[in-house]
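K.L.:
Chains as they are written, first to last, in the working numbering: chain A, 1 to 251; chain Z, 252 to 564.
First the structure, which I've put down as structure tokens, then a few questions once you've had a look.
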Amino acid sequence: MTDRRSFLRIAIMGTASLIVAGCDRISQSSWGPKVLDKAEGLNRRVQALLSPSSAMAKEYTEADISSVFHPNGTTMPNTPAYQALMANQFRDYKLRVDGMVSRPAMLSIDDLKKIDTRTQITRHDCVEGWSAIGKWQGTLLSAVLDHVGADPQARFVVFHCFDDMDVNTPYYESVDIGEARHPQTLLAFALNDKPLPVPNGAPLRLRVGRQLGYKQAKYVSRIEVVKSFDAIGGGKGGYWEDQGYEWYAGI
Amino acid sequence: MLGGVLIVNTESVAVAEMGTPAPGLLESSRRLVYRHTLPIRIMHWINVIALSLMLFSGLQIFNAHPSLYWGNRSDKGKELLILGAHQDSAGNLVGTTRIGSHEFTTTGVLGVSKGSDGTPEVRGFPSWLTVPGPGWLAMGRRWHFFFAWVFVLNGLCYVGYSLARRHLQRDLWPTRRDWRGIGHSILDHIRFKHPHGEEALRYNILQRLAYLTVIFVFGVGIVLMGLAMSPRMDAVLSPLVEAVGGRQSARTIHFVIAWAFVAFVLIHVFEVLISGVFNQLRGMITGYYKVDTGKVDTVKPDETISAEERSHD
Numbered sequence: 001m002t003d004r005r006s007f008l009r010i011a012i013m014g015t016a017s018l019i020v021a022g023c024d025r026i027s028q029s030s031w032g033p034k035v036l037d038k039a040e041g042l043n044r045r046v047q048a049l050l051s052p053s054s055a056m057a058k059e060y061t062e063a064d065i066s067s068v069f070h071p072n073g074t075t076m077p078n079t080p081a082y083q084a085l086m087a088n089q090f091r092d093y094k095l096r097v098d099g100m101v102s103r104p105a106m107l108s109i110d111d112l113k114k115i116d117t118r119t120q121i122t123r124h125d126c127v128e129g130w131s132a133i134g135k136w137q138g139t140l141l142s143a144v145l146d147h148v149g150a151d152p153q154a155r156f157v158v159f160h161c162f163d164d165m166d167v168n169t170p171y172y173e174s175v176d177i178g179e180a181r182h183p184q185t186l187l188a189f190a191l192n193d194k195p196l197p198v199p200n201g202a203p204l205r206l207r208v209g210r211q212l213g214y215k216q217a218k219y220v221s222r223i224e225v226v227k228s229f230d231a232i233g234g235g236k237g238g239y240w241e242d243q244g245y246e247w248y249a250g251i
Numbered sequence: 252m253l254g255g256v257l258i259v260n261t262e263s264v265a266v267a268e269m270g271t272p273a274p275g276l277l278e279s280s281r282r283l284v285y286r287h288t289l290p291i292r293i294m295h296w297i298n299v300i301a302l303s304l305m306l307f308s309g310l311q312i313f314n315a316h317p318s319l320y321w322g323n324r325s326d327k328g329k330e331l332l333i334l335g336a337h338q339d340s341a342g343n344l345v346g347t348t349r350i351g352s353h354e355f356t357t358t359g360v361l362g363v364s365k366g367s368d369g370t371p372e373v374r375g376f377p378s379w380l381t382v383p384g385p386g387w388l389a390m391g392r393r394w395h396f397f398f399a400w401v402f403v404l405n406g407l408c409y410v411g412y413s414l415a416r417r418h419l420q421r422d423l424w425p426t427r428r429d430w431r432g433i434g435h436s437i438l439d440h441i442r443f444k445h446p447h448g449e450e451a452l453r454y455n456i457l458q459r460l461a462y463l464t465v466i467f468v469f470g471v472g473i474v475l476m477g478l479a480m481s482p483r484m485d486a487v488l489s490p491l492v493e494a495v496g497g498r499q500s501a502r503t504i505h506f507v508i509a510w511a512f513v514a515f516v517l518i519h520v521f522e523v524l525i526s527g528v529f530n531q532l533r534g535m536i537t538g539y540y541k542v543d544t545g546k547v548d549t550v551k552p553d554e555t556i557s558a559e560e561r562s563h564d
């Protein structure tokens, strides 16, 4: 019996190990990831077809809010620029908005509060698999884009952040204009009726309702409206995208 | 006599359903029957590859956060399942599996297992069960979402083909005769007894129910629960997400169905092993399946009765 059991165990583990080893060779080859990546474009197009650009993320009630909104990734940016702003409770913070815009601007949190704001309770889904629900208050990104006169030819909005992921490798993210102009896309300055805490991205973070957590850039210092993000960072449109994650984070 | 005639009828129907005798291969007591058509065989083996890679890459993705919850939130302390790790007093890594409030030590397999370099590391499922082997979420997702398309398109082709060729209606949908034989079929399975002769060509009631459940409950369910985890899809699927309890419930159900697939495959392979592995494999590779004919014991006395009853259908 033990012989048969150990034979079975070895057979199952052996077969599985062979498959895993074969797949690892494909993952590390130059062609394998390219083939697998074919699915990403398909996912983006099919999801856009099934879930139109106007579709809204579900909004929850006060009772659904997570008691602790788990902060992930950077929780305390250590760059001197950020530390200096934090020392003064972000009173000197100004969001720079530039790129393909007719009126580049430097906007304080108070300036942002004077532009169209919105409060929403939405779910945050991390690429790792967990979810949390928070109440976000912020300025509509589309209103900010109108405020600075974004060029209609622009295709993406890039978010530059204060936190360094590696030496001289600041976090950044990007969304396309459609997602940027979605009515649930906010530059959030408050979480659960309080100024955004440092671990959650103070003083300003991005909230997109229909994409994964890594898209929701924290510690935003500058917004750049562009035609292409090829020349920014590793050229994939975001820090995690440069590490191999999908630019389309709708799954 | 009437019953006997009916048996001949049902048998000839059964042969036509599952395949037709190969010309020139007829023997007196054994013959090869063309049982599985080429599209079915191809789709079966594509499914083997897709399901395996979905499982392995799925476990890689699970390892990024090896806990399960119910509802919409991942609240600490409310986990249904945790594959965790801690250090013992000697500083060794101990892997644990906690289901509800019950905790088991599972070092070596769950929670803590040897990584690709041979040293123990904190990881939900072991490296021999994940694609890629080392922790690599981004690559696991690429594999998963690529083979999700293979799995879904292959499944749609299978259902479309089976409906068009009436494979689903004739071979999988249980007849009244099947339902009446359910007790008999359960007993046969418990005793590991398998039908011989023409009867082996048609699926018994448990096979029919198992295949229908796997295709339409597990298959459809796991795809829907996968989609229910997608934030973009949730903009239109939120009624479904809320109906199952929330996104974390969908993730939990997705995980449970994945292991239900594994359980099905283990039973399926076990049944293949004990019912003539070479014959069964030949059936699914070349299409030809050997049956014993001309044996008297293929018609059992109690089947005469069921055949008589069948004449009222």
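Glycine included, every Cβ here is placed at the ideal spot set by N, Cα and C.
If you check the beta carbons only, do Z:Gly384 and A:Val20 fall under 8 Å apart?
P.N.:
Contact: yes.
K.L.:
According to DSSP, is A:Leu212 part of a helix, a strand, or is it coil?
P.N.:
A:Leu212: coil per DSSP, three-state reduction.
K.L.:
Relative to the C-alpha of A:Pro203, which residue among A:Ile115, A:Arg210, A:Gly209 and A:Leu187 is closest?
P.N.:
Nearest C-alpha to A:Pro203: A:Leu187.
K.L.:
Here's the rule: buried if 16 or more other CB atoms are within 10 angstroms of the residue's CB, otherwise exposed. What is A:Glu241?
P.N.:
Classification of A:Glu241: buried, given that the 10 Å Cβ count is 16 or more.
K.L.:
Using 8 Å as the threshold, is the stretch 489 to 501 of chain Z in touch with the stretch 319 to 329 of chain Z, meaning 3 or more CB pairs across them?
P.N.:
These segments touch.
K.L.:
Helix, strand or coil for A:Cys161 per DSSP?
P.N.:
If DSSP states are grouped into helix, strand and coil, A:Cys161 belongs with the strands.
K.L.:
In its own chain, which residues sit with a C-beta less than 7 Å from the C-beta of A:Asp116, not counting the 5 before and 5 after it?
P.N.:
Answer for A:Asp116: Thr139, Leu140 and Ala143, listed in chain order.
K.L.:
Is the beta carbon of Z:Asn314 closer than 8 Å to that of Z:Arg374?
P.N.:
Contact flag set, yes.
K.L.:
Confirm, please, whether the CB-CB distance from Z:Leu452 to Z:Arg286 is below 8 Å.
P.N.:
Cβ atoms of Z:Arg286 and Z:Leu452: closer than 8 Å.
K.L.:
Below 8 Å on the Cβ atoms is my guess for A:Leu212 versus Z:Pro482; work out the distance and round it to an integer in Å.
P.N.:
So it is a contact: roughly 6 Å between Cβ atoms.
K.L.:
So, does the CB of Z:Thr482 fall closer than 8 Å to a CB anywhere in chain A?
P.N.:
In the sequence as displayed, the identity of residue 482 of chain Z is Pro instead of Thr. Chain A, which has a Cβ nearer than 8 Å to the Cβ of Z:Pro482, makes this yes.
K.L.:
Identify every run of the beta strand (DSSP E) within the stretch 278 to 323 of chain Z, keeping only runs that are complete inside it and at least 3 residues long; order them along the chain.
P.N.:
Counting only runs of 3 or more, we get 281 to 285.
K.L.:
Once DSSP output is grouped into helix, strand and coil, what is the label at Z:Ala336?
P.N.:
In the structure shown, Z:Ala336 sits in a strand (DSSP, three-state: E or B).
K.L.:
Give me the chain A residues within the contact set of Z:Met498, using Cβ-Cβ distance strictly less than 8 Å, ordered along the chain.
P.N.:
The question names Met, but residue 498 of chain Z in the sequence shown is Arg. In chain order: Arg123, Asp125 and Ser131.
K.L.:
Kindly say whether Z:Thr381, judged by its beta-carbon, lies nearer than 8 Å to any beta-carbon of chain A.
P.N.:
Yes - at least one Cβ of chain A is within 8 Å of the one on Z:Thr381.
K.L.:
Evaluate contact between the stretch 227 to 238 of chain A and the stretch 144 to 163 of chain A, counting only Cβ atoms and requiring at least three cross-stretch pairs below 8 Å.
P.N.:
These segments touch.
K.L.:
Give me the chain A residues within the contact set of Z:Asn323, using Cβ-Cβ distance strictly less than 8 Å, ordered along the chain.
P.N.:
Tyr60, Asp64, Arg123, Ser131 and Ile133, listed in chain order.
K.L.:
Beta carbon of A:Ile133, beta carbon of A:Ile65: below 8 Å?
P.N.:
In this structure, A:Ile65 lies closer than 8 Å to A:Ile133 by Cβ.
K.L.:
How long is the line joining the alpha carbons of A:Met86 and A:Lys135, rounded to whole angstroms?
P.N.:
Their Cα atoms are separated by approximately 23 Å.
K.L.:
Between Z:Gly366, Z:Ser526 and Z:Trp296, which lies nearest to Z:Gly406 when the distance is taken from Cα to Cα?
P.N.:
If we check each option's Cα against that of Z:Gly406, Z:Trp296 comes out closest.
K.L.:
Would you tell me roughly how many angstroms separate the C-alpha atoms of Z:Glu450 and Z:Val516, rounded to the nearest one?
P.N.:
Rounded to whole angstroms, Z:Glu450 to Z:Val516 spans 23 Å at the Cα level.
K.L.:
Using a Cβ-Cβ distance cut-off of 8 Å, determine whether A:Lys236 contacts chain Z.
P.N.:
No - not a single Cβ of chain Z is within 8 Å of the one on A:Lys236.
K.L.:
Could you tell me the boundaries of the alpha helix (DSSP H) in which Z:Ala511 lies?
P.N.:
Unbroken alpha helix (DSSP H) run through Z:Ala511: Arg498 to Ile525.
K.L.:
Residues of the stretch 286 to 318 of chain Z in Cβ contact with chain A at a cutoff of 9 Å, in chain order, please.
P.N.:
Answer set for the stretch 286 to 318 of chain Z: Ser303, Leu304, Phe307, Ser308, Ile312, Phe313, Ala315, His316, Pro317 and Ser318.
K.L.:
Does the separation of the CB atoms of A:Ala217 and A:Glu246 fall below 8 Å?
P.N.:
No; because the gap between Cβ atoms is not below 8 Å, this pair is not in contact.
K.L.:
What are the start and end residues of each continuous alpha helix (DSSP H) run of 4 or more residues lying completely inside the stretch 347 to 435 of chain Z, in chain order?
P.N.:
Here the runs fully enclosed are 388 to 415 and 427 to 431.
K.L.:
Can you list, in chain order, the residues of its chain with a C-beta nearer than 8 Å to that of Z:Gln338? Leave out the 5 residues immediately preceding and following it.
P.N.:
Leu344 and Val345.
K.L.:
Cβ of A:Ser27 less than 8 Å from any chain Z Cβ?
P.N.:
Output row for A:Ser27: interface = yes.
K.L.:
Does the stretch 36 to 46 of chain A touch the stretch 95 to 111 of chain A, meaning 3 or more C-beta pairs lie closer than 8 Å?
P.N.:
Result no; under three Cβ-Cβ pairs closer than 8 Å.
K.L.:
Starting from A:Ile133, trace the beta strand (DSSP E) both ways and give me its first and last residue.
P.N.:
A:Ile133 -> beta strand (DSSP E) spans Ser131 to Leu140.
K.L.:
Measuring only the C-alpha atoms, how far is Z:Ser526 from Z:His440?
P.N.:
When rounded, the distance between both Cα atoms is 11 Å.
K.L.:
Give the secondary structure of A:Ile232 by DSSP, where H, G and I count as helix, E and B as strand, and everything else as coil.
P.N.:
In the structure shown, A:Ile232 sits in coil (DSSP, three-state: anything other than H, G, I, E or B).
K.L.:
According to DSSP, is A:Ala105 part of a helix, a strand, or is it coil?
P.N.:
Correct three-state label for A:Ala105: strand.
K.L.:
Using a C-beta cutoff of 8 Å, does Z:Phe521 count as contacting chain A?
P.N.:
Answer no: the Cβ-Cβ gap between Z:Phe521 and chain A never drops below 8 Å.
K.L.:
Which residues mark the beginning and the end of the alpha helix (DSSP H) in which Z:Val487 is found?
P.N.:
First-last of the alpha helix (DSSP H) with Z:Val487: Pro482 to Ala494.
K.L.:
DSSP on Z:Leu463, reduced to helix/strand/coil?
P.N.:
If DSSP states are grouped into helix, strand and coil, Z:Leu463 belongs with the helices.
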